[in-house]
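Participant: Questions regarding the structure given below will be posed in turn.
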Amino acid sequence: MATSNDLSGLRVAVTGGTSGLGLALTRAFRKRGAAVAIVARTAEAVERVARETGAAGIVGDVGVKDDIYPIALQINGRLGGLDVLINNASSLGPVPLRLLGDTDCEDLEEAIAVNLVGPFRLTKALLGALAASAREGRGAVVLNISSDAAVNAYAGWGAYGASKAALKHLSAIWNEEQAAHGVRVLSLDPGDMDTALHALAVPDADPASLKRPETSADELIAAIVAALPPQRAAQPVGGYA
Ligand SMILES: NC(=O)c1ccc[n+]([C@@H]2O[C@H](COP(=O)([O-])OP(=O)(O)OC[C@H]3O[C@@H](n4cnc5c(N)ncnc54)[C@H](OP(=O)(O)O)[C@@H]3O)[C@@H](O)[C@H]2O)c1
1 MATSNDLSGL
11 RVAVTGGTSG
21 LGLALTRAFR
31 KRGAAVAIVA
41 RTAEAVERVA
51 RETGAAGIVG
61 DVGVKDDIYP
71 IALQINGRLG
81 GLDVLINNAS
91 SLGPVPLRLL
101 GDTDCEDLEE
111 AIAVNLVGPF
121 RLTKALLGAL
131 AASAREGRGA
141 VVLNISSDAA
151 VNAYAGWGAY
161 GASKAALKHL
171 SAIWNEEQAA
181 HGVRVLSLDP
191 GDMDTALHAL
201 AVPDADPASL
211 KRPETSADEL
221 IAAIVAALPP
231 QRAAQPVGGY
241 A
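Take a look at the structure:
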């Protein structure tokens with residue numbers, strides 16, 4: 001039986017895998033033997049993290065429509081299929097954060113493109129691969145990273161909070177619709193973490209009061225493993241293409 005500590009053979013894609021929570025997830029999955037593909041926009045960071053962790057590095061912007069199929073094709077091709085998709089990359093919207101009345105429509109559109117439409121497109125593009133994994137008994141999980149801003153109305157967090165609220169509801173509907181195909185779709189809040197995104201949003205926060213992203217990564221991995229079939233044995237996986 002697979003445990004949180006032995007994930008050999010699991011094939012995982014992490015968007016935003018070069019920083020903060022995504023980097024912590026990538027390191028934690030690799031340490032447990034999973035094959036991982038990371039996606040981010042900055043080629044240098046993708047190469048650095050790929051070298052450090054042995055993950056397959058993919059450069060792309062999940063907020064750009066034309067990037068989605070190339071990203072999905074590379075994930076599938078380099079991992080030889082996919083068991084777990086983590087939509088983690090995120091845009092804060094306007095920074096410094098501002099009230100909705102002062103938010104440009106383009107900033108709202110950008111937050112929705114990256115935080116909602118991007119995860120929707122990427123999930124859609126990879127649904128066939130995920131359903132195949134479920135049919136093979138490997139299990140299939142999509143984890144959409146949420147936030148307390150998805151449920152609480154924090155002043156100044158309008159673009160980000162609205163996009164995360166929509167992502168949370170989208171996840172619940174995906175989960176209902178995909179249950180018959182064995183694909184689980186989760187939406188989980190990792191908590192307030194000491195990351196670049198948090199520093200950008202709340203520059204005067206005391207880092208000591210925030211969670212370490214490594215702690216959140218371990219909790220999320222436990223939730224993913226709990227959503228996989230209990231009998232899921234260590235599965236064979238091809239090398240990176
Ligand atoms: N930090 C917190 O306190 C907190 C709290 C609740 C929820 N969350 C959620 O946790 C997740 C991770 O946040 P974090 O704090 O770890 O962020 P982070 O440290 O800023 O890392 C963001 C990652 O996403 C990538 N990225 C950003 N925009 C992208 C795009 N359009 N396409 C592809 N990659 C993109 C970044 O690399 P490039 O810039 O090179 O693309 C980077 O790898 C997010 O979904 C966030 O909303 C965070």
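According to the numbering used here, the sequence shown holds residues 1 to 241 in order.
A virtual CB, placed ideally from N, CA and C, is assigned to each residue, including glycine.
Taking contact to mean at least 3 C-beta pairs separated by less than 8 angstroms, is the region 34-44 in contact with the region 79-94?
Facilitator: yes
Participant: Secondary structure at A241, three-state DSSP: helix, strand or coil?
Facilitator: Taking the first residue of the sequence shown as 1, we reach residue 241 at position 241. The predicted model places A241 with a pLDDT of 45, which falls under 50 and marks its position as unreliable; any figure quoted below should be read in that light. In this structure, A241 counts as coil in the three-state DSSP scheme.
Participant: Buried or exposed for R200, please, with buried defined as at least 16 other CB atoms from any protein chain shown within 10 angstroms of its CB.
Facilitator: Within the sequence shown, numbered from 1, the residue matching residue 200 stands at position 200. With the sequence shown as reference, residue 200 is identified as Leu, and Arg is not the correct amino acid for it. Result: exposed.
Participant: Taking only heavy atoms of ligand 1 into account, decide whether any of them is closer than 7 angstroms to the Cβ of I86.
Facilitator: Taking the sequence shown and counting its residues from 1, the one referred to as residue 86 is at position 86. No - ligand 1 has no heavy atom lying nearer than 7 angstroms to the Cβ of I86.
Participant: Once you ignore the five residues that flank G238 on each side, which residues in its own chain have a CB closer than 7 angstroms to its CB?
Facilitator: For the purposes of this step, residue 238 is taken as the residue at position 238 of the sequence shown. For G238, the predicted structure reports a pLDDT of 47, less than 50, and the residue's modelled location is therefore unreliable. A value from the coordinates is still provided. For G238, where only same-chain residues beyond five positions count, the Cβ hits under 7 angstroms are G80.
Participant: Would you check whether ligand 1 has a heavy atom nearer than 7 angstroms to the C-beta of I112?
Facilitator: One-based indexing of the sequence shown puts residue 112 at position 112. Incorrect: I112 has no Cβ contact closer than 7 angstroms to ligand 1.
Participant: From the DSSP output, in three-state form, read off G57 for me.
Facilitator: For the purposes of this step, residue 57 is taken as the residue at position 57 of the sequence shown. Reduced to three states, the DSSP call for G57 is strand.
Participant: For L7, which residues from the same chain have a beta carbon less than 6 angstroms from its beta carbon, with the 5 sequence-adjacent residues on both sides left out?
Facilitator: To locate residue 7, count along the sequence shown from 1; it is residue 7. Cβ within range, chain order: R32, G33 and A34.
Participant: Is M1 buried or exposed, if buried means 16 or more other CB atoms sit within 10 Å of its CB?
Facilitator: Reading the sequence shown from its first residue, position 1 is the one you call residue 1. The pLDDT assigned to M1 is 38, lower than 50, so where the model puts this residue is not dependable, and the model offers no usable value.
Participant: Using 8 angstroms as the threshold, is the C-beta distance between N76 and L130 below it?
Facilitator: Residue numbering aside, residue 76 sits at position 76 when the sequence shown is read from its first letter. Residue numbering aside, residue 130 sits at position 130 when the sequence shown is read from its first letter. No, these two residues do not count as a Cβ contact at 8 angstroms.
Participant: Assign R138 to buried or exposed, taking buried as 16 or more other Cβ atoms, counted over all protein chains shown, within 10 Å of its Cβ.
Facilitator: By one-based count along the sequence shown, residue 138 stands at place 138. Its Cβ being crowded by 16 or more others within 10 Å, R138 is buried.
Participant: Looking at R41 and ligand 1, is the gap between the Cβ and the nearest heavy atom below 7 angstroms?
Facilitator: For this step, residue 41 is matched to residue 41 along the sequence shown. Answer for R41: yes, Cβ within range of ligand 1.
Participant: Between which residues of its own chain and R30 is the CB-CB distance below 7 angstroms, once the five residues before and five after are set aside?
Facilitator: Stepping through the sequence shown from its first residue, residue 30 is reached at position 30. V36, T53, G54 and A55.
Participant: Please list, in chain order, all residues of the same chain as L23 whose beta carbon is under 8 angstroms from its beta carbon, the five residues on each side excluded.
Facilitator: Looking up residue 23 in the sequence shown gives position 23. Contacts found: G17, V49 and P213.
Participant: For S91, which option in D61, L186 and N175 has the closest C-alpha, if you only look at C-alpha atoms?
Facilitator: For the purposes of this step, residue 91 is identified with residue 91 of the sequence shown, where counting begins at 1. Among D61, L186 and N175, the Cα nearest to that of S91 is on D61.
Participant: Can you tell me the Cα-Cα spacing of Y154 and G161, whole angstroms?
Facilitator: Working through the sequence shown from its first residue, we reach residue 154 at position 154. Working through the sequence shown from its first residue, we reach residue 161 at position 161. One C-alpha to the other measures close to 8 angstroms.
Participant: Does the Cβ-Cβ distance between A89 and A40 come in under 8 angstroms?
Facilitator: Numbered from its first residue, the sequence shown carries residue 89 at position 89. Numbered from its first residue, the sequence shown carries residue 40 at position 40. Yes, Cβ-Cβ distance for A89 and A40 is below 8 angstroms.
Participant: Give me the Cβ distance between G191 and K211, rounded to the nearest whole Å; I'm assuming they're in contact under 8 angstroms.
Facilitator: What you label residue 191 is simply residue 191 of the sequence shown in a count that begins at 1. What you label residue 211 is simply residue 211 of the sequence shown in a count that begins at 1. Yes, they are in contact, since the Cβ atoms of G191 and K211 sit about 5 angstroms apart, within 8 angstroms.
Participant: Short of 8 angstroms in beta carbon distance, which residues of its chain neighbour V95, apart from the five on each side in sequence? Order them along the chain.
Facilitator: By one-based count along the sequence shown, residue 95 stands at place 95. Listed in chain order, the non-local C-beta contacts of V95 below 8 angstroms within the same chain comprise L200 and A201, local neighbours out to five positions each way being set aside.
Participant: Kindly indicate which three-state DSSP category L92 falls into: helix, strand or coil?
Facilitator: As a position in the sequence shown, residue 92 is number 92, starting the count at 1. Coil at L92, not helix or strand.
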